[in-house]
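Enquirer: I'd like to ask you about the structure that follows.
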Amino acid sequence: MFNIYNLIVQEITMKQFFLFFIFLSLSFPTYSQTKMMMNKSNVTTDSLLLSEIKSIKSSVTPARYGNKFTGGFYGANWADTRDNFVNGVLYVSGLSSSDTYSSASTAADSVISQMSTLLGSNSVRMPINEPTVSNYWNTYTGAIDKALSKGKVILCYWATSGGKPANMTNFWNMWTTVVNKYDTNSNCYFEPVNEPYGYSDADLCNLYYSWITKYTSVPQNRVILDGSGTAQNVSAVGGDSRLSSCLLAVHDYSFNVSSPYINEASWSNHIAVYVGSYSSRTICTEWGYPCSPGSKNGISYSYIDYSPGLTSNYFYYYARGIATQLNSWGMGSFYWPGLRDGDWYSMTQKSGSGSNISLSIPNASALINLKRSWGMTTSVERFSTDLPTHFNLEQNYPNPFNPSTTISFSLPSKSFVSLKVFDTLGREVSTVISEELSAGTYSRQWTGADLPSGVYLYRLQAGSFTETRKLVLLK
Numbered sequence: 256m257f258n259i260y261n262l263i264v265q266e267i268t269m270k271q272f273f274l275f276f277i278f279l280s281l282s283f284p285t286y287s288q289t290k291m292m293m294n295k296s297n298v299t300t301d302s303l304l305l306s307e308i309k310s311i312k313s314s315v316t317p318a319r320y321g322n323k324f325t326g327g328f329y330g331a332n333w334a335d336t337r338d339n340f341v342n343g344v345l346y347v348s349g350l351s352s353s354d355t356y357s358s359a360s361t362a363a364d365s366v367i368s369q370m371s372t373l374l375g376s377n378s379v380r381m382p383i384n385e386p387t388v389s390n391y392w393n394t395y396t397g398a399i400d401k402a403l404s405k406g407k408v409i410l411c412y413w414a415t416s417g418g419k420p421a422n423m424t425n426f427w428n429m430w431t432t433v434v435n436k437y438d439t440n441s442n443c444y445f446e447p448v449n450e451p452y453g454y455s456d457a458d459l460c461n462l463y464y465s466w467i468t469k470y471t472s473v474p475q476n477r478v479i480l481d482g483s484g485t486a487q488n489v490s491a492v493g494g495d496s497r498l499s500s501c502l503l504a505v506h507d508y509s510f511n512v513s514s515p516y517i518n519e520a521s522w523s524n525h526i527a528v529y530v531g532s533y534s535s536r537t538i539c540t541e542w543g544y545p546c547s548p549g550s551k552n553g554i555s556y557s558y559i560d561y562s563p564g565l566t567s568n569y570f571y572y573y574a575r576g577i578a579t580q581l582n583s584w585g586m587g588s589f590y591w592p593g594l595r596d597g598d599w600y601s602m603t604q605k606s607g608s609g610s611n612i613s614l615s616i617p618n619a620s621a622l623i624n625l626k627r628s629w630g631m632t633t634s635v636e637r638f639s640t641d642l643p644t645h646f647n648l649e650q651n652y653p654n655p656f657n658p659s660t661t662i663s664f665s666l667p668s669k670s671f672v673s674l675k676v677f678d679t680l681g682r683e684v685s686t687v688i689s690e691e692l693s694a695g696t697y698s699r700q701w702t703g704a705d706l707p708s709g710v711y712l713y714r715l716q717a718g719s720f721t722e723t724r725k726l727v728l729l730k
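Each residue of the sequence shown is one higher than the last, beginning at 256 in my numbering.
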């Protein structure tokens, strides 16, 4: 039991630890008690499930709890049409120089609400710079305030050029204005410098340390520090003990890569190298791929269908591989861009203005990868075209979870699949899948929102194959 407690302390909060301790003592009756209760309840189950219930008491070893620090960010970047490195006031798509506080609030209401509906997002990353805070602040705060009323907001500084502020006095004055307004808002997060490639690793860490010691009113777990370079060396910042209470940020794109990266695994490994051993503190604040026709490196692309098996270009493998790794970590992320007029990577397209802004999805297959990265895929999704050689039921992830988790399995041949969830008394509580599926590897999200906390069993039956595993719902 010491090993179990040690693991729990490392991976979940103290409140969750005590809840789980209660479940260990209350949720696992002895086999004889289980049998008596089942007889009393007239519950019918098979010997395999009974065997699983009997063995749970001695074998519970919770897997990684997911990412308790960053996993709750389902975000999108709201960007300036000219990109956020503009030399001057930033106008995110849908805002203009003629806006007022009220009209900016109205536009933000339209944009944020529709991104939430269309994408499933609960967070937005918004740019700031010195001219915007000096000359447009009274208007721009209308959009920021509205966004904060709807979810989490990251306010991130973009330097015009060179990967660092041109004038440090102006930089600090800007941040003082921003912090004084939003330091007490628990939905507001602060990202001191986007892609700080103008600094050495040591100078960057010193800048970050100056920021957190200057603005002590901001809790450090609401400060997000980009990795060095173009936010691709997380370890350079994560390893500084002075910054250990802050969150970290990584960016990963398909730009400027020398290797071919022609499969999902290579892209998963690509971002894993950037993050190093700091996945539990890291948010991917930028990643993205084409959603509309465009060109790169002299090659023109039409709409890309990201459905499995329909294409094989590196954009497809990038989108699938990064989504898979983010989901595996349980890492929060912000798609680039959720909305940026004229950008072929933009997940949404805008028409109209003000209260008449309307957003649409130009490429539904592209959205699937974003949702999959957040663990939001609700249908049975075949996520690999490689045919498995044997039946397999994976451990659900995350586990423990609240309220949703993903269950994956493999079929070497076409089979009628039954995937069900049972409580520890053997009572069926949910039918997750009951249909015929072709050979392949699949995932399905399951939610226990309407169930009490506790240990449950999930069982896959496909032809003559049967396997049962345990999962822990921890509210």
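Note that the Cβ used here is the ideal one computed from N, Cα and C, for glycine as well.
Just so it is clear, the structure is predicted and the values come from calculations on it, not from any experiment.
So, proline 617 versus serine 555, is the Cβ gap smaller than 7 angstroms?
Expert: no
Enquirer: Hey, how far is the Cα of serine 499 from the Cα of glycine 709?
Expert: About 33 angstroms.
Enquirer: Whether or not the segment 503-521 and the segment 476-486 are in contact is what I'm after, with contact meaning three or more pairs of Cβ atoms, one per stretch, closer than 8 angstroms; do they touch?
Expert: yes
Enquirer: Comparing alpha-carbon positions, which option in Tyr713, Ser601, Ser659 lies nearest lysine 730?
Expert: Ser659
Enquirer: CB-CB under 6 angstroms to glycine 703, same chain, minus the five flanking residues each way: which ones, in chain order?
Expert: Pro658, Leu728
Enquirer: Which runs of the alpha helix (DSSP H) spanning at least 4 residues fall entirely within the segment 458-503, listed in chain order?
Expert: Listed in chain order, the complete alpha helix (DSSP H) runs (minimum 4 residues) inside the segment 458-503 are 483-486, 489-493.
Enquirer: Which ranges would you report for the beta strand (DSSP E) in the segment 548-610 if only whole runs of at least 3 residues count?
Expert: 549-551, 554-556, 588-594, 604-606
Enquirer: Under DSSP, the beta strand (DSSP E) around threonine 415 begins and ends at which residues?
Expert: No beta strand (DSSP E) holds threonine 415; DSSP gives it neither H nor E.
Enquirer: Do alanine 334 and arginine 595 come within 7 angstroms of each other at the CB atom, strictly closer than that value?
Expert: yes
Enquirer: In angstroms, rounded to a whole number, what distance separates the CA positions of tryptophan 599 and proline 474?
Expert: 37 angstroms
Enquirer: Three-state secondary structure (DSSP) at aspartate 400?
Expert: helix
Enquirer: Is the Cβ-Cβ distance between leucine 692 and tyrosine 711 less than 7 angstroms?
Expert: The answer is no: Cβ separation not under 7 angstroms.
Enquirer: Assess, as a yes-or-no matter, whether the segment 391-406 is touched by the segment 350-367 under the definition of 3 or more beta carbon pairs within less than 8 angstroms.
Expert: yes
Enquirer: What are the boundary residues of the alpha helix (DSSP H) that tryptophan 430 is part of?
Expert: For tryptophan 430, the enclosing alpha helix (DSSP H) begins and ends at 423-437.
Enquirer: Under 7 angstroms between the Cβ atoms of alanine 359 and glycine 593?
Expert: no
Enquirer: Does the count of Cβ pairs from the segment 525-533 and the segment 437-446 closer than 8 angstroms reach three?
Expert: no
Enquirer: My understanding is that leucine 614 touches methionine 370, with C-beta atoms under 8 angstroms, so please give their C-beta distance in whole angstroms.
Expert: About 7 angstroms separates the Cβ atoms of leucine 614 and methionine 370, confirming a contact at the 8 angstroms cut-off.
Enquirer: Using the three-state DSSP reduction, which class does asparagine 647 fall into: helix, strand or coil?
Expert: strand
Enquirer: Evaluate the contact criterion for the segment 488-495 versus the segment 425-432: three or more CB pairs, one atom per stretch, below 8 angstroms.
Expert: Verdict: no, contact absent.
Enquirer: Contact check, serine 378 vs valine 408 under 8 angstroms by CB: the rounded distance?
Expert: Right, their Cβ atoms sit about 7 angstroms apart.
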